[in-house]
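J.: Handing you this structure, nothing more for now.
Residue numbers (the working numbering): 20 to 317.
Below, the structure written as structure tokens:
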């Protein structure tokens, strides 16, 4: 099979049961994309928004990984698992106390804002070059340090028996599984995630997601139909101010030179006179524009 240059962002609705990398490789195969990457792992149990970056868009994947995200999750009270989700082994079962909405709200409150969180042992974080889940599968137990994370919202949507549904909005590096597990401990009964769906990732707050089935159907119509499902790289850089350069300035910027500009210091998008995106750039206090990430979208 011949690979091709494809540039853009696909807002994939990841199905349950696939890892993020498996979902990426399926989409990349359909696109025959020479280069691709995803923007932060979703657990195999999870569904929902997984932005995939192809070609030059892979240069901004790191920015999207660090973006705020929103989830809806269902959890089961009274049962704790070693992975803090339904894919794990049950390690403890406890009776669920009488809990009204006020009691659950009171338990949720300490988990909002800037909090300390211990990531789950079954996670893709690395220790001495190995993924934590690899150590966990070998039965190794290590001390995992707590770290600061930002939880913007942690709200009860509804409760159906011992299965509350929760809405979470959080910053990069926050584990919903750990939030649910810690909430269960706070309630005195334990809990684990039974369903998880990612709703949005900044700047894609109202995403029109594409399923793998959508991609497979489009692939039968040819690469043009597939490419119509892609968003331009620039869609992942919404909100940055723009600076337009003339031909001479654009050439100098592409050659790695700094360009004097009259805009406020900070990160911006550098564009050519005909509107092409040249670079994610930065203006210093000295008024000089320099490239942070250059794009070859000709």
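C-beta: ideal position from N, C-alpha, C; glycine also.
Mapping DSSP to helix, strand and coil, what is residue 50?
T.: If you number the chain shown from 1, residue 50 lands on position 31. In the structure shown, residue 50 sits in a helix (DSSP, three-state: H, G or I).
J.: Three or more beta-carbon pairs under 8 angstroms between the segment 225-232 and the segment 32-47, yes or no?
T.: The answer is yes - the segment 32-47 touches the segment 225-232, with three or more Cβ pairs under 8 angstroms.
J.: Helix, strand or coil: how does DSSP classify residue 232 here?
T.: Counting from one through the chain shown, the residue named residue 232 turns up at place 213. Here residue 232 sits in helix by DSSP.
J.: Short of 7 angstroms in beta carbon distance, which residues of its chain neighbour residue 254, apart from the five on each side in sequence? Order them along the chain.
T.: Working through the chain shown from its first residue, we reach residue 254 at position 235. Around residue 254: 28.
J.: What do you get for residue 251, buried or exposed, if any count of 16 or more other CB atoms within 10 angstroms of its CB means buried?
T.: For the purposes of this step, residue 251 is identified with residue 232 of the chain shown, where counting begins at 1. Residue 251 should be labelled exposed.
J.: Which complete beta strand (DSSP E) runs does the segment 186-243 hold, if anything under 3 residues is left out?
T.: 210-220, all fully within the segment 186-243.
J.: Name, in chain order, the residues that DSSP records as bridge partners for residue 282.
T.: Mapped onto the chain shown, residue 282 falls at position 263. For residue 282, which the question treats as bridged, DSSP gives no partner whatsoever.
J.: From 47, 57, 274, pick the residue whose C-alpha is nearest to that of residue 77; which is it?
T.: Start at 1 with the first residue of the chain shown, and residue 77 comes out as number 58. Of the candidates 47, 57, 274, the one whose C-alpha sits nearest the C-alpha of residue 77 is 57.
J.: Where do the ends of the alpha helix (DSSP H) carrying residue 84 lie?
T.: Along the chain shown, read from residue 1 onward, the residue named residue 84 stands at position 65. Residue 84 -> alpha helix (DSSP H) spans 80-84.
J.: Name the one or two DSSP bridge partners that residue 178 has.
T.: On the chain shown, position 159 is the one that residue 178 refers to. Partner(s): 183.
J.: What residues in its chain sit with their C-beta under 7 angstroms from that of residue 75, if we drop five residues either side in the sequence?
T.: As a position in the chain shown, residue 75 is number 56, starting the count at 1. The answer, listed in chain order, is 26, 252, 314, 315, 316.
J.: From the DSSP output, which residues share a beta bridge with residue 57?
T.: Taking the first residue of the chain shown as position 1, residue 57 is located at position 38. Note: residue 57 sits in a beta bridge opposite 71.
J.: If I measure Cβ to Cβ from residue 305 and keep anything under 8 angstroms in the same chain, skipping five residues before and after, which residues do I get?
T.: Here the question's residue 305 lines up with position 286 in the chain shown. None.
J.: According to the neighbour-count rule (16 or more other Cβ atoms, all chains shown, within 10 Å of its Cβ), is residue 241 buried or exposed?
T.: Looking up residue 241 in the chain shown gives position 222. Its Cβ having fewer than 16 others within 10 Å, residue 241 is exposed.
J.: Looking at the unbroken beta strand (DSSP E) that takes in residue 98, where does it start and where does it end?
T.: The count along the chain shown starts at 1 and reaches residue 98 at position 79. 98-100 is the span of the beta strand (DSSP E), which, as asked, contains residue 98.
J.: Since residue 173 sits in a beta bridge, which residues does DSSP pair it with?
T.: As a first step, residue 173 must be located in the chain shown, where it is residue number 154. Paired residues: 187.
J.: With DSSP run on the structure shown, which of helix, strand or coil describes residue 92?
T.: Your numbering for residue 92 matches position 73 in the chain shown. Of the three classes helix, strand and coil, the one that applies to residue 92 here is strand, per DSSP.
J.: Output the boundary residues of the alpha helix (DSSP H) element that contains residue 310.
T.: Against the chain shown, residue 310 aligns to sequence position 291. Unbroken run through residue 310 is the beta strand (DSSP E), 307-313; no alpha helix (DSSP H).
J.: Once the 5 residues before and after residue 289 are set aside, which same chain residues still bring their CB inside 7 angstroms of it?
T.: Translated into the one-based positions of the chain shown, residue 289 becomes position 270. So the qualifying residues of the chain are 262, 264, 272, 297, 298, 300, 308.
J.: So what does DSSP say about residue 27, is it helix, strand or coil?
T.: Position 8 of the chain shown, counted from the first residue, corresponds to residue 27. Here residue 27 sits in strand by DSSP.
J.: Which residues in the same chain have their Cβ closer than 8 angstroms to the Cβ of residue 123, if we skip the five residues on either side of it in sequence?
T.: The count along the chain shown starts at 1 and reaches residue 123 at position 104. Excluding residues within five positions, the ones whose Cβ falls inside 8 angstroms are 175, 178, 183, 206.
J.: Where does residue 43 sit, in a helix, a strand or coil, going by DSSP?
T.: Translated into positions along the chain shown, residue 43 becomes position 24. Reduced to three states, the DSSP call for residue 43 is helix.
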